[in-house]
Structures are given as structure tokens and as C-alpha cells.
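J.:
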Amino acid sequence: MSTPIIQIQHLKKSFGTNKVLDDFHLELYEGESLVVMGKSGSGKSVMIKCLVGLVQPDIGTIEIMGKNMMTLEQEELDEIRTEVGFLFQGSALYDSMSVRENLEFPLRRHTKKFGKIKDATPMVLEALKSVGLENAIDLMPNELSGGMKRRIALARTLILKPKIILYDEPTTGLDPITSKEIIQLMKSIQKTYKTSSIVITHDIDCARVVADRMILLIDGKNYIEGTFNSIAQSEDPKVKAFFK
Ligand SMILES: Nc1ncnc2c1ncn2[C@@H]1O[C@H](COP(=O)(O)OP(=O)(O)O)[C@@H](O)[C@H]1O
Ligand SMILES: [Mg+2]
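Residues in the sequence shown are numbered consecutively from 1, following the UniProt record's numbering.
What follows is the structure, encoded as C-alpha cells:
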């Protein structure tokens, strides 16, 4: 097998006496869609925040594209970060900015990858097109439905042309039909842009459709790993509890 594009080893993180991650590890291979499932409060968001540097791990190593994230200089760190798109739990659009401005914002922060952009409109439109919302370019966030907001947030991630996309609960809070649309969109993005992704979810339908491989996070550890089907067929009571 090729070397992983992301490798997390021996990751531990506690908050006071709350041991959240306890020797968690993860390998994401190029082009793969890896789902991390775990119940609410199991440390999924903490894990992904460690990965992007928003939370400082107690111990562990994190490598992205072969670089050790703990020891990188700021400049190299910024460079890697442009390759990692992060779709936060919730959509986190800037309410006071139009869709266009929301999408232009990350472009202006990553001048190194894109140079100085005179007119961002073509890039904004291309990103909106890939989520089917070109017509929303001049709308404000409060004019968008929940599903549209999620799509725009995804477009804002895509505009940076990341090699890796991290999704934190991409379908949470959406109705079943909109969830399905977002799930299909995630599939088509992986196919079109050949991105590698980590998808955090407790949505079984989402996991079934997007997972090339899955990790179940229980008690801070990789409790079981495998394909969706192999895990869904497990007789282990803790695993079965997820598929009821
Ligand atoms: N900044 C923080 N300070 C203290 N405790 C935190 C912090 N962030 C997360 N936690 C705790 O870590 C645990 C895992 O949280 P989280 O990763 O958000 O769970 P989830 O799997 O639902 O995403 C929870 O018990 C949460 O209260
Ligand atoms: Mg979470």
C-alpha cells in the first residue's frame, strides 16, 4: 500500500480527568473516504481539531502529506493547511457577508497558492457550480435554507482546491432528503476532484454511502476498523448498538 496522506499515531487528549482520546490512530490513504463513527461526546470533533491544529494533543504524532504537523514552521504549516479543507460542524458562514464574499474570503487568505487574484468571480462560480448553487452568488446567508448553507460551506472549502477534505457531521441538522443530497454531493466531489476525505458522522446512511473504510471510535480508541459491511455484520454488542 502507498504511504498514507494523513497518519495519526498514539494520539492522546484529556481535558482534566476526562480522557477523550486514548491511543487513537488513523491512516488515510490517497483517494480514500474514511469514516470515523462514534457516539456523541466520544471525541470525534476533538480528534479532527487535533488534526488541524485547533486543539493541542497531550501526546501523539500527526503527519499530513508526509510532514510532521507538530514541528513545522508557520510558513510550511500554512502551506499544508491550504491542502486541507475543513467543513465544520454547522456551516459557519459569515452572516454579514454575501455568498460571494464568503467564498472570496479564504482565497484572499491563501495568496501563496493562488497568487494575487484580480477577479475571483470565475473561481467563485466554479465552486458554486460544483455544489449546484451558481444562482445563489449574491444572496445573504439568512436567505438560504439549511441545506443550501451546507452546500455553500462546502463550496467555500472547494474553492481552495484542497487535496484532503475533513467533514465534521456533514448531515447533522438536515432533513432526510437534504441529507441524501449532501451525501451524494460528497460522493461526486470525491470522484470529480480525486480528494481524500475523513468523514466524522453518527449518521449510518451517510457512512454506508461514503465510507470506503470505517473506524469506530469507542473509549478513545479504534474499537473496530473495516468496511461498512464488515462492521455492520459484527456480533460485538458495542458495535451492534450503532446499527440498531
Ligand atoms: N475545549 C474543551 N474543553 C473541555 N472539554 C472538551 C473540550 N472540547 C471537547 N471537550 C470534551 O471532550 C469530549 C469529546 O467531545 P467531542 O469531540 O466534541 O465529541 P463528539 O464525538 O460528539 O464530536 C466531550 O466530553 C467534551 O465535553
Ligand atoms: Mg462533534
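All residues carry an ideal CB built from backbone N, CA and C; glycine is no exception.
Report the partner residues of K13 according to the DSSP bridge assignment.
T.: Along the sequence shown, one-based indexing puts residue 13 at 13. K13 is bridged to L21.
J.: Unbroken beta strand (DSSP E) runs of length 3 or more, entirely within the stretch 20-60: which are they?
T.: Taking only runs of at least 3 residues, the beta strand (DSSP E) segments lying wholly in the stretch 20-60 are 33-37.
J.: Start and end of the beta strand (DSSP E) containing F86?
T.: Looking up residue 86 in the sequence shown gives position 86. Note, F86: beta strand (DSSP E), 84-87.
J.: Could you tell me whether the Cβ atoms of L158 and V199 are closer together than 9 Å?
T.: Residue numbering aside, residue 158 sits at position 158 when the sequence shown is read from its first letter. Residue numbering aside, residue 199 sits at position 199 when the sequence shown is read from its first letter. Not closer than 9 Å, so no.
J.: Taking 8 Å as the cut-off, is the CB of D203 close to at least one heavy atom of ligand 2?
T.: Reading the sequence shown from its first residue, position 203 is the one you call residue 203. Checking the Cβ of D203 against ligand 2 gives no.
J.: Contact defined as beta carbons within less than 8 Å: I believe K13 pairs with V46. What is the distance between those atoms, to the nearest angstrom?
T.: What you label residue 13 is simply residue 13 of the sequence shown in a count that begins at 1. What you label residue 46 is simply residue 46 of the sequence shown in a count that begins at 1. K13 to V46, Cβ: 6 Å. Contact.
J.: Decide if M70 is buried, meaning its Cβ has at least 16 other Cβ atoms within 10 Å, or exposed.
T.: As a first step, residue 70 must be located in the sequence shown, where it is residue number 70. Per the 10 Å Cβ criterion, exposed.
J.: Measure the alpha-carbon distance for E73 versus G66 and round it to whole angstroms.
T.: Here residue 73 refers to the residue found at position 73 when the sequence shown is read from its first residue. Here residue 66 refers to the residue found at position 66 when the sequence shown is read from its first residue. The alpha-carbon atoms of E73 and G66 are separated by roughly 14 Å.
J.: Any heavy atom of ligand 1 closer than 8 Å to the beta-carbon of S45?
T.: For the purposes of this step, residue 45 is taken as the residue at position 45 of the sequence shown. True, at least one ligand heavy atom lies under 8 Å from that Cβ.
J.: If we call anything under 9 Å between Cβ atoms a contact, is I152 one with L103?
T.: Walking along the sequence shown from the start, residue 152 turns up at place 152. Walking along the sequence shown from the start, residue 103 turns up at place 103. In contact: I152 and L103 (Cβ atoms closer than 9 Å).
J.: Could you tell me if the beta carbon of S233 falls within a distance shorter than 8 Å of some heavy atom in ligand 2?
T.: For the purposes of this step, residue 233 is identified with residue 233 of the sequence shown, where counting begins at 1. This sequence places Gln at residue 233; Ser is not what is there. The answer is no for Q233.
J.: So, S197 versus L166, is the Cβ gap smaller than 9 Å?
T.: The residue given as residue 197 occupies position 197 in the sequence shown. The residue given as residue 166 occupies position 166 in the sequence shown. In this structure, L166 lies closer than 9 Å to S197 by Cβ.
J.: Below 8 Å on the Cβ atoms is my guess for D219 versus L34; work out the distance and round it to an integer in Å.
T.: Sequence index remark: in the sequence shown, residue 219 carries index 219 (1-based). Sequence index remark: in the sequence shown, residue 34 carries index 34 (1-based). That pair is no contact at about 20 Å.
J.: Work out the CA separation of L54 and R81 for me, nearest whole Å.
T.: Locating residue 81 in the sequence shown gives position 81, counting from the first residue. Locating residue 54 in the sequence shown gives position 54, counting from the first residue. Spanning the two alpha carbons is a distance of roughly 12 Å.
J.: Can you tell me where the beta strand (DSSP E) with residue 292 in it begins and where it stops?
T.: With the chain running from 1 to 244 in the structure shown, residue 292 is simply not present.
J.: Just to confirm the assignment, what range does the beta strand (DSSP E) spanning Y193 have?
T.: Here residue 193 refers to the residue found at position 193 of the sequence shown. Counting along the chain, Y193 falls outside any beta strand (DSSP E), though it belongs to the alpha helix (DSSP H) covering 176-193.
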